[in-house]
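Below is one structure, written out as structure tokens; the observations come after it.
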Amino acid sequence: MKNNARLLPLLGLMLAGCAQSADYKEAVASEPAAFETTAPAAPTPAEPAAPEVPLARLWRAAGHPVIYQGSMELEVPDFTAASARLDTVLTQRGAYLTTANETTDTERHQQVLTIRVPSARFLVLTADLARLGIVHRKELTSRDIATELAQHQAAARRPDTTASRAATAEVQLLTEQATLATLHLTYYQPRPLTDTSPAQAISPQVRAGLWFGWRLVGLVLVGLAYLWPLVVALGAWGLYRWRQINRASGTAA
């Protein structure tokens, strides 16, 4: 009994040590979870801000279908560079071409385009294009078709008649025009003007005359080089005739 009583304190110390070890293991096991819970989340990249479009809010009809149309005329410093930049801008805005007409004359190199673009990006596209050069003309229009579209939709729901089919076609047309805006774009690069002063106009003729005169002198000299025996013979014959005439006139005297 005495031996068992002496072992009781030792047994208590062993039990206390096991409890502390268990508590330590639980604390270590819980540390990663606690770290994961309190660790700050990685920052997400901020989305690029939408470009500022002057007066854009004044063109929007909240909740209404709107048809956008417009025309622009730009003067660009470099036609080739502007064409490359234009292609990039149209791709970024989801736009495409329906017609393109390129011309070159004595005054300028010009491109005339008809562009279709989603209506939600119409104003942003016009702002992008304005950065390509100098805007000489810009005309934009918008037409709210909510009432007109509702009338045609009501007519299209009537029994199948010619009028209802025409109304259905008109609804499809208005919807397509409200979905895709139309922009007529003209951009050009001026060509350098030639000098049309009187001195500039007559100088080519003077140079041509001098060159022709020099060529004529050269041709004469070349001809004499080929015909010099005939020239010498004609000279000798002329001298002989002149002496005969002088002698005849002296004898007669």
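Sequential numbering from 1 applies to the sequence shown in full-length UniProt numbering.
Note that CB positions come from ideal geometry on N, CA and C, so glycine has one too.
With H, G and I counted as helix, E and B as strand and the rest as coil, what does DSSP make of residue i?
i	result
GLY70	strand
THR98	strand
THR175	helix
GLU135	Contrary to the premise, residue 135 reads as Val rather than Glu in this sequence. VAL135: strand per DSSP, three-state reduction.
ARG121	helix
ILE115	strand
ARG108	strand
SER249	helix
PRO192	coil
ARG241	helix
ASP160	coil
HIS152	helix
ARG143	strand
SER30	With a pLDDT of only 41 at SER30, under 50, the local geometry of the prediction cannot be trusted, and the value read off the model is given with reservation. Helix.
For residue i and residue j, which I take to be in contact (beta-carbon distance under 8 angstroms), what is that distance rounded to the nearest angstrom?
i	j	result
THR80	LEU97	Contact doesn't hold; Cβ gap of about 17 angstroms is too wide.
PRO165	MET72	Here residue 165 is Arg; the residue named in the question, Pro, does not match the sequence. Incorrect: roughly 37 angstroms between the Cβ atoms, too far for contact.
PRO65	ALA178	4 angstroms
ARG108	ALA95	In fact, because the Cβ distance is near 24 angstroms, the residues do not count as touching under 8 angstroms.
LEU183	LEU125	7 angstroms
LEU174	GLU148	7 angstroms
THR106	ARG191	7 angstroms
Near residue i, what residues of its chain come up, given a Cβ to Cβ distance below 6 angstroms and the 5 sequence neighbours on each side ignored?
i	result
HIS152	ALA167, GLU170, VAL171
PHE122	TYR68, ALA181
VAL89	ASP128
ALA100	LEU113
GLY133	LEU74, GLU75, VAL76
Quick one: is residue i buried, meaning 16 or more other Cβ sit within 10 Å of its Cβ, or exposed?
i	result
ILE145	buried
ALA150	exposed
SER203	exposed
LEU221	exposed
GLN244	exposed
ARG205	Per the sequence presented here, residue 205 reads as Gln, with Arg not at that position. It is exposed - the Cβ of GLN205 has fewer than 16 other Cβ atoms within 10 Å.
TYR226	exposed
TYR187	buried
ALA82	buried
SER142	buried
LEU185	buried
Taking 7 angstroms as the limit between beta carbons, can you name the residues of its chain near residue i, skipping five residues before and five after?
i	result
ASP87	none
GLU139	GLY70, SER71
THR103	GLN110
VAL232	none
ALA155	ALA163, SER164, ALA167
LEU224	VAL231
Who are the Cβ neighbours of residue i in its own chain at under 8 angstroms, not counting the five residues just before and after it?
i	result
LEU219	none
Hey, is the segment 123-134 in contact with the segment 204-218, meaning 3+ C-beta pairs nearer than 8 angstroms? no
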